[in-house]
Structure formats: structure tokens, C-alpha cells
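Counting in numbering that gives the first Met the number 0, the sequence shown tops out at residue 325, every number present.
Where a beta carbon is used, it is the ideal one built from N, C-alpha and C, also for glycine.
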Amino acid sequence: MSDEWKSSAKSEVEDAKSWKLLEKALLSSVQEQRRSRRWGIFFKLLTFLYLFGVLALVLPALDLKSASTGTAHTALIEIRGMIADREEASADKVVGSLRAAFEDTNTKGVILRINSPGGSPVQSGYIYDEIRRLRGEYPQTKVYAVISDLGASGAYYIASAADEIYADKASLVGSIGVTAASFGFVETMEKLGVERRVYTSGEHKAFLDPFQPQKEEETRFWKTVLDTTHRQFIDSVKKGRGDRLKADEHPELFSGLVWSGEQALQLGLVDALGSASYVAREVIGEKEMVDFTQRDTPFDRFAKRLGTSVADRIALWMGFQGPTLQ
Numbered sequence: 000m001s002d003e004w005k006s007s008a009k010s011e012v013e014d015a016k017s018w019k020l021l022e023k024a025l026l027s028s029v030q031e032q033r034r035s036r037r038w039g040i041f042f043k044l045l046t047f048l049y050l051f052g053v054l055a056l057v058l059p060a061l062d063l064k065s066a067s068t069g070t071a072h073t074a075l076i077e078i079r080g081m082i083a084d085r086e087e088a089s090a091d092k093v094v095g096s097l098r099a100a101f102e103d104t105n106t107k108g109v110i111l112r113i114n115s116p117g118g119s120p121v122q123s124g125y126i127y128d129e130i131r132r133l134r135g136e137y138p139q140t141k142v143y144a145v146i147s148d149l150g151a152s153g154a155y156y157i158a159s160a161a162d163e164i165y166a167d168k169a170s171l172v173g174s175i176g177v178t179a180a181s182f183g184f185v186e187t188m189e190k191l192g193v194e195r196r197v198y199t200s201g202e203h204k205a206f207l208d209p210f211q212p213q214k215e216e217e218t219r220f221w222k223t224v225l226d227t228t229h230r231q232f233i234d235s236v237k238k239g240r241g242d243r244l245k246a247d248e249h250p251e252l253f254s255g256l257v258w259s260g261e262q263a264l265q266l267g268l269v270d271a272l273g274s275a276s277y278v279a280r281e282v283i284g285e286k287e288m289v290d291f292t293q294r295d296t297p298f299d300r301f302a303k304r305l306g307t308s309v310a311d312r313i314a315l316w317m318g319f320q321g322p323t324l325q
């Protein structure tokens, strides 16, 4: 019996050792797989970054704005989305596109295809001034603004610098006004029992702070800033549209209202109804369109998706937004 017990015990010890060896082998295999997976992910990420870098360098060179076609064409420039710094419709991009289009000796006319709610009066003003400058430098090259879905506020500001404006009968046109918006959190702060502490070296330095009560004096001052910007906007539109704008009969044109393309035609906000292809084919006489629009590189788009502009957005939401043509 004793020998049987010893034999059984010995067998159990051997089984335990076998299980330990098997467990060790399995763990080693799992660790090796994990290590291999980590290296696989690392090399895939490295390859992705390498390819992304190559694309960021190569794709801009393939931009369709190249004037190497060697044939007569209509230059097309897109003004799409918010007109603001570091956006697709920033002054830097649009002005660069305009200059390239005008400098191309094969350009027979320039179309600004607009689909925008407006944006920064500064960016819109830069583009407006450059259009008028280029029109003076290249008088033989006409500029046509074509509004698709929306050409409002700052977008219309830009359009008014063109020789002629076209729109669809259902386009939304106008909104000649200025807005500046923020939030007020004073009562919310009081309910939460939170005290706001602001230290400034100027009496009105924090007058846009949404966590402090509004002061009548500062509100009046801010209204004068908006009125001044609105007046500049109106003056530019009148200068661009001239006698075509029926402002005397319709003073509501500058109230911030928006009209359909059909109504805008009656008010002198646009010259005719038509699409970009129509203008290229029937007005300019060159149906071939070459896109001169400067766009973000893949790296720029990737960076924006990662949220590099989050701080800018928060600043706007929290009340640090200046006048906007919207």
C-alpha cells in the first residue's frame, strides 16, 4: 500500500511538472504573439505615417490649378463654407487662387462659385479688395460670381466685387448685416455659488466676458462697432453694384434679410439667373473650366480632424467672437 501511495504521489508530481511546462510554453507563446502584434502595429503605423507624409508632399503638386493646359479656359475658384482665417475659404487661399487665375494667359474669364453663409468681415474685405485690384490690372479678364445654394453676408460682400453676379432662382442671396453673438452665464454662476475673478489693467478690458453682467455703456459702445462694420459693408456693396442695386426703392436691402435668387434679380442684388457651366459656356465663351482653388493639404485636413482648432472654437463659443458677416 505504501508503494502504491508513493507511486501515485510520484505520478501526481510528474503530472504537475508537465502542466507547469505546458503552461509555461503556452504563456511564452502568448507573450511572443503579443510582442509580434505590438511590432506589427508599430510598423503599420510607421508605414502609414510615411505614406501620409509622401501624400502631403506630392498631392499639392498635382493640384488642378496648374495652368499647363496650354488651351483657353474659364478659371474656376470655389468659395465654400465659412469665410475665416485657416478655413477653406480664407483670404489667403482665395486671394492666392485669384492671382494664379489672372496671371494665367489662357484664362478668358474667372468664375467665383460661391456657396457660403459668410464669416469674417476682415477676410471678406481682403478678398473684395483683391478682386477689384485684379480687375483693374487685368481689365480684359472679367470676374463672374455664381451663387449656388447660398451667397449671404460676407459671401455676398465678396460677390459684389465681381463684374456680374449670377444665381439660381432658388438660391438664397443677401443678408447684408453684421452679428456678434455670445452667451451670458451670470445667473448660472450665482446659482452654482461660483465667484468670477477677473484682473485687468483697463476699465473695459473684460467687457466681452460672458461671466460678468453687461453694462449699458459697454453695450452701446459695442453697438457702435457693429454699426461701423455694417456701414463699411453697405458702402462696399454699393460701390460694387452701382446703379444696378435698387437701394433707394428698397432700403430693407441692408436690414440683414435674405432673398431667393428670383427676388434678388428684381432687387438688383444679382444680374441674371444661371449656373457656373452656363456662365462659362454662354457668357465667357469657354466651356472648359480649370479649377484654380487652393485647398488644404492632406496634413492640414488631418490636423483639423485631430482637433487643433478646438481652442479657437471654444473661444468663439465662450464669447470672444468678433463681428461676423452672417
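Quick check: the Cα distance between residue i and residue j, rounded to an integer number of angstroms?
| i | j | result |
| --- | --- | --- |
| M81 | R112 | 14 Å |
| A314 | K214 | Its pLDDT being 49, under 50, A314 is placed unreliably by the model, and nothing is read from it. |
| E136 | L207 | 42 Å |
| D128 | E186 | 44 Å |
| G150 | I164 | 10 Å |
| W221 | A71 | 50 Å |
| I283 | R98 | 19 Å |
| R243 | S200 | 50 Å |
| E87 | T292 | 9 Å |
| A279 | E102 | 18 Å |
| M188 | A179 | 23 Å |
| S326 | M288 | No statement about residue 326 is possible, as the shown extent of the chain runs from 0 to 325 and does not include it. |
| Y277 | R240 | 22 Å |
| H203 | S174 | 31 Å |
| D162 | F182 | 40 Å |
| Q139 | K92 | 23 Å |
| E31 | I40 | 14 Å |
| A223 | D234 | Sequence check: residue 223 is Thr here, not Ala. Spanning the two alpha carbons is a distance of roughly 16 Å. |
| D226 | F232 | 10 Å |
| L191 | Y198 | 21 Å |
| S147 | G69 | 29 Å |
| W258 | Y156 | 15 Å |
| R134 | R85 | 25 Å |
| K19 | R33 | 21 Å |
| A205 | V94 | 34 Å |
| K23 | D295 | 54 Å |
| R132 | E281 | 26 Å |
| L79 | F184 | According to the sequence provided, residue 79 is Arg. The question's Leu does not apply to it. Cα to Cα, the separation comes out at about 33 Å. |
| K107 | E216 | 53 Å |
Am I right that residue i and residue j are in contact with their C-beta atoms under 8 Å? What's the rounded C-beta distance?
| i | j | result |
| --- | --- | --- |
| Q211 | R196 | Not quite, the Cβ-Cβ distance comes to about 10 Å (not below 8 Å), so this is no contact. |
| S374 | V145 | For residue 374 there is no data in the structure shown, the boundaries of the chain being 0 and 325. |
| S170 | G260 | 4 Å |
| S152 | G117 | 3 Å |
| D290 | L75 | 5 Å |
| G267 | K245 | 4 Å |
| K168 | L272 | 5 Å |
Check residue i in the structure and name its three-state DSSP category.
| i | result |
| --- | --- |
| T140 | coil |
| K19 | helix |
| G267 | coil |
| K286 | coil |
| E77 | strand |
| L111 | strand |
| G117 | coil |
| L272 | strand |
| S89 | coil |
| V57 | Low local confidence applies: a pLDDT of 49 at V57 is under 50, so the model's placement there is unreliable, with the coordinate-based value given in what follows. In this structure, V57 counts as helix in the three-state DSSP scheme. |
If you check the beta carbons only, do residue i and residue j fall under 8 Å apart?
| i | j | result |
| --- | --- | --- |
| A166 | I126 | no |
| I130 | V121 | no |
| S96 | A154 | no |
| H229 | V177 | yes |
| V172 | A263 | yes |
| A83 | S27 | no |
| E285 | T104 | no |
Under 8 Å between C-beta atoms, does residue i make it to chain D?
| i | result |
| --- | --- |
| H203 | Absent from the structure is chain D; it holds one protein chain and no more. |
Can you list, in chain order, the stretches of the beta strand (DSSP E) that have 3 or more residues and sit fully within the stretch 145-207? 163-166, 171-173
Beta strand (DSSP E) runs wholly inside the stretch 213-254, at least 3 long, in chain order: none
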